[in-house]
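**Student:**
Residue numbers (the numbering used here): 318 to 461.
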């Protein structure tokens with residue numbers, strides 16, 4: 318459903334939020350290892366998320382990545398998806414057709430509308446704090 322970039326970006330943001338919730342800054346190598354992502358690819362993703370003010374990058378000794386506890390409550394999955402994948406998953410055709418519309422629907426158009434609406438609702442109403450707290454409590458996991 319999401320691109321690999323977006324999958325890794327969501328995982329990274331959740332992991333950084335989890336670490337930040339415990340007042341830890343986390344470095345690139347550990348993030349890549351913990352989310353099972355190639356380091357160079359992870360660096361590019363983190364650069365985008367930092368540029369879009371989803372995560373904060375601190376340079377130098379004691380540096381790393383973090384998200385303030387206040388921002389965790391405000392940052393939604395929709396913001397991360399939009400930052401990394403744009404709005405194609407929220408507005409695009411289920412079959413990837415460029416001319417799909419109400420007037421000229423693809424075979425999946427009508428069935429996909431409710432799925433897309435549910436997805437948009439979920440992404441817009443899920444914040445990093447609740448996902449980080451799920452990991453902290455042990456109820457959810459980023460990898461096995």
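Where a beta carbon is used, it is the ideal one built from N, C-alpha and C, also for glycine.
Source: prediction; values computed, not measured.
Could you give the distance in angstroms between the alpha-carbon of residue 415 and the alpha-carbon of residue 328?
**Tutor:** 29 Å
**Student:** Can you look up residue 381 in the DSSP assignment and give me helix, strand or coil?
**Tutor:** strand
**Student:** Could you give the distance in angstroms between the alpha-carbon of residue 394 and the alpha-carbon of residue 346?
**Tutor:** 23 Å
**Student:** On a Cα-Cα basis, can you pick out the residue from 391, 445, 412, 444 that is closest to residue 433?
**Tutor:** 412
**Student:** Kindly provide the ranges of any alpha helix (DSSP H) runs that are 4 or more residues long and lie completely inside the region 334-371, ordered along the chain.
**Tutor:** DSSP runs (the alpha helix (DSSP H)) wholly in the region 334-371: 345-351, 356-368.
**Student:** Write down every uninterrupted run of the alpha helix (DSSP H) in the region 390-457 whose length is 4 residues or greater and which is fully enclosed by it, in chain order.
**Tutor:** With a minimum length of 4 residues, the unbroken runs of alpha helix (DSSP H) contained wholly in the region 390-457 fall at 394-402, 405-408, 426-441, 445-454.
**Student:** Checking 8 Å against the spacing of the C-beta atoms, do residue 323 and residue 450 come in under that value?
**Tutor:** no
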